[in-house]
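Student: Okay, here's the structure, questions in a sec.
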Amino acid sequence: MDEWFPFLTNLLPSWMTSTTLVISNAQWVGLLLVVTTIYIVKQIFRFYLRKSLERIVARYKVNNGAQITNKLIPPCSLMLFAGLWILLIRPLMLPPAVLSICIRLGTIAFTVSAVMATNQLVNLLASYFEQLARQSENKFDDILVPLIKKSVKFFVIAVGIIFIGDSLTINMKNVLAGLGIGGIAFALAAKDTISNLFGSLTVLIDRPFQIGDWVTIGADVEGVVEEVGLRSTRIRTFYNSLITVPNGQLTNVHIDNYGRRRYRRFTTHVGVEYSTAPEKIEEFCQAIRDIVLAHPHTRKDFYHIYFNKFNNSSLDILIYIFWEVPSWPKELEERHRFLIDVLKAGREIGVSFAFPTRTLHLANSELPPMEKSTL
């Protein structure tokens, strides 16, 4: 290029060889052509990239695929623009200082756009795998996918910072060495962060709970696990508030996981009237036992249905059973179904259910006659 560029310079009009703002007019024209060419290529690239992503999203039915696609295309286009800029700017024979600035800006733009594009690509893949995780019975995937997603994003951003620092002529080796020298201070300052990271690994390996489990953590936190991140776990309470628990605390407190229960206990009393015959009570108890044995979601090997107590206003029958259901809503549904069957059985047998009553007995005694007063 050094050999034939002066030859081309001699063929240009005089106004193009004059200098404006450090570089010649010919080089300004070259820059304009480079930008125009890159813009045209970028628009063509955007068109085909959008079509390809839309086909992929439609084929795999990715949730929020259209929204993520709209966020993925701009950084990909900027990355292409920056890459072509770095390649096409060199033949213009710009002054070394100007060329260095242009390449450095292009490298920074390329790195930033690559980080943004990679993060959006991770979002797209994570959305697809989260969709698969929700369809699977193994809820461990519901924790694993978000953790991998956040870890990859953190790694990509860290690599991007290193490349940007290198583009700005910052000696990253010295920076890392400085971190090594101040490692003790850094460790003391970041001990909570490191503790939370190890806590997230503990959750991942030991699996004390899964997404959707009803848990109590320590003495104060109770609710449903909504999200497990690198730093913290989010619990949705039954007041619909959101509690954020640092993962580091999860290794030092007891966790009571109600979601891991195989059976859910249900205890209640059914009160019948005192006028009910003992034979009717026995028949009613046996009918309830039959309902328990016929119900598809009750524990068949352990239950108690017995006349249990003389109450103030009723003869109480104890119902002590266990549900084999996966969730609280399902338990409520089966409890409703069971109690309706108990009511029907009582009506068929002729048992009357009691409610609080009070009987007053008045003694029939004669009152002494009132004396008449005279004036």
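The sequence shown begins at -18 in the numbering used here and counts up one residue at a time.
Just so it is clear, CB atoms sit at the ideal spot from N, CA and C, and this is done for glycine as well.
Here the structure is a predicted model, which is why all the values come from computation and not from measurement.
#1: Can you check which of these residues, 224, 209 and 199, is closest to residue 235 by C-alpha distance?
#2: Which runs of the alpha helix (DSSP H), 4 residues or longer, sit entirely within the segment 302 to 346?
#3: Under 6 angstroms Cβ to Cβ from residue 240, same chain only, skipping five residues before and after it: list those, please.
#4: Using a threshold of 9 angstroms, state whether the C-beta atoms of residue 334 and residue 206 are closer than that.
#5: Between the alpha carbons of residue 247 and residue 95, how many angstroms are there, rounded?
#6: With distances taken from CA atoms, which of 142, 229, 219 and 223 is nearest residue 364?
#7: Any contact between the segment 87 to 105 and the segment 46 to 65? By contact I mean 3 or more CB pairs, one from each, below 8 angstroms.
#8: Could you tell me which uninterrupted beta strand (DSSP E) segments, each at least 3 residues in length, are contained entirely in the segment 218 to 249, listed from first to last along the chain?
#9: How about the segment 316 to 329 and the segment 261 to 278: do they share at least three Cβ pairs that are nearer than 8 angstroms?
#10: Using the three-state DSSP reduction, which class does residue 49 fall into: helix, strand or coil?
#11: Just tell me which of 189, 286 and 261 has its CA closest to the CA of residue 328.
#12: Rounded to whole angstroms, what's the CA-CA distance from residue 245 to residue 297? Just pull it up for me.
#13: Please determine whether the Cβ atom of residue 104 lies at a distance below 8 angstroms from any heavy atom of the ligand ADP.
#14: Excluding the five sequence neighbours on either side, which residues of its own chain have a C-beta within less than 7 angstroms of the C-beta of residue 176, listed in chain order?
#15: Excluding the five sequence neighbours on either side, which residues of its own chain have a C-beta within less than 8 angstroms of the C-beta of residue 316, listed in chain order?
#16: So, at 7 angstroms on beta carbons, what are the nonlocal neighbours of residue 310 in its own chain, with the 5 sequence-adjacent residues on each side left out?
#17: Hey, residue 134 and residue 210: beta-carbon distance below 9 angstroms or not?
#18: So, for residue 138: in the same chain, excluding its five sequence neighbours on each side, which residues have a beta-carbon less than 7 angstroms away from its beta-carbon?
#19: Considering Cα atoms alone, identify which of 126, 226 and 92 is closest to residue 143.
#20: Determine, using beta carbons only, whether residue 76 and residue 4 come nearer to each other than 9 angstroms.
#21: Bridge partners for residue 58 per DSSP, in chain order?
Tutor: Inspection of the coordinates gives the following:
#1: 199
#2: 309 to 330
#3: 194 and 195
#4: no
#5: 56 angstroms
#6: Absent from the structure is residue 364, since the part of the chain shown begins at -18 and ends at 356.
#7: yes
#8: 223 to 227 and 236 to 238
#9: yes
#10: helix
#11: 261
#12: 22 angstroms
#13: With respect to small molecules bound, the structure shown includes none, and the ligand ADP cannot be examined in it.
#14: 229
#15: 247 and 304
#16: none
#17: no
#18: 96
#19: 92
#20: yes
#21: BP columns for residue 58 are empty, so no partner.
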